[in-house]
Each structure stands twice: as structure tokens, then as C-alpha cells.
Amino acid sequence: HKSRRQGDATDTEPEKYDLTNIYVDLINFANIYLRIGGRLVFWMPTHIMTYDESLLPTHPCFKLFSNDEQQLNHTTSRRLITMVKVRESTGDEKATVNEKLFNNFRDLYFTPNTKIWEQLNSENDTSNSSVVSKKKEIMMNDY
1402 HKSRRQGDAT
1412 DTEPEKYDLT
1422 NIYVDLINFA
1432 NIYLRIGGRL
1442 VFWMPTHIMT
1452 YDESLLPTHP
1462 CFKLFSNDEQ
1472 QLNHTTSRRL
1482 ITMVKVREST
1492 GDEKATVNEK
1502 LFNNFRDLYF
1512 TPNTKIWEQL
1522 NSENDTSNSS
1532 VVSKKKEIMM
1542 NDY
């Protein structure tokens, strides 16, 4: 907490700290302070229709131990991610988080499902269309 002195700006904008940066910082912090065999456990919001395991955060010193989903409604879920530290860091190794996972989460949450399917089908090539169709079939059966 910074104290305000006379003459300081009182209407400063808060710094933007998005989910991508939060998870990068969390995993990098865990890399420094966890010992080998230590576990990092965190919740991660996901949009069911666009989720893909390849989008999960990674770090060279950690391996994914578990990835459990709790569905919250027809479009969103949260995943309990458990990562285990398997080795000490060598040099300047950092976490990587795919920005696609979080950057548009809010937009996807408020976008109608039909519009999302249109976008998914237009972005995917024919090799991925069966996966997209299967997800669509599962989601539409939930209604």
C-alpha cells in the first residue's frame, strides 16, 4: 500500500494484470520456492467448447499430475490443475501460458453458443472438424 502525499495523483488507473500473467507469475513463483516433489495446485477457468489440453500452462521443471474438471454451467467449467516439480531450474526457465486460454474467456462467457460454433468451424481445418463436431454434439445434448 502506497501512502498518498499531498500533490500525488488521486485518480491513477490500476495496472492491468490479466489471467495469463497471474498464472505465469504463480508457476514461476512455485518454481523458485517449491522443492522437488512439491505440488502446485490451482483452479483454472475454462470455456468448455474451446478447451483443449494443449492450452494448459507448462513449465520445464513441472509435470502435469492431474487435471480434473468441475462443470459450472453449460458453457464454463473450472479445472483443478496439479503440477509436480520434478527438477531444479537450470538457468532462466519460465512458465508458458497460451494467451488463447484466458484472453477471451470473458467474451466467450457472454457469447451465444451458436456464434462460437460458427467461429470454431471456420477456424478449424477438416482434420479437426470431427473433434469440433463431437464437442458440439455433446454440448447440444446437455440442453
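Using the working numbering, you'd call the opening residue of the sequence shown number 1402 and step up by one each time.
Beta carbons are placed, not taken as given, at the ideal position from N, Cα and C, and that holds for glycine.
Computed from a predicted model, the values in this text were never measured in an experiment.
To the nearest angstrom, how far is the alpha carbon of residue i from that of residue j?
| i | j | result |
| --- | --- | --- |
| E1494 | H1460 | 8 Å |
| E1500 | T1421 | 6 Å |
| D1453 | R1480 | 12 Å |
| V1498 | N1474 | 24 Å |
On a Cα-Cα basis, can you pick out the residue from the options that is closest to residue i?
| i | options | result |
| --- | --- | --- |
| S1547 | P1446, I1433, R1440 | With the chain running from 1402 to 1544 in the structure shown, residue 1547 is simply not present. |
| T1477 | M1450, T1413, Y1434, N1422 | M1450 |
| D1469 | V1485, V1498, M1445 | M1445 |
| R1488 | E1454, C1462, S1455 | C1462 |
Since I believe residue j is in contact with residue i (beta carbons under 8 Å), could you give me their beta-carbon distance rounded to a whole number of angstroms?
| i | j | result |
| --- | --- | --- |
| I1437 | A1496 | The Cβ separation is near 17 Å, so there is no contact. |
Drop a sphere of 10 angstroms on the beta-carbon of residue i, count the other beta-carbons inside from all chains shown, and report buried for 16 or more, exposed for fewer.
| i | result |
| --- | --- |
| H1448 | buried |
| L1502 | buried |
| V1442 | exposed |
| P1415 | exposed |
| F1430 | exposed |
| I1433 | exposed |
Quickly, what does DSSP pair residue i with across the bridge? List them, please.
| i | result |
| --- | --- |
| M1484 | L1441, L1465 |
| H1448 | T1477 |
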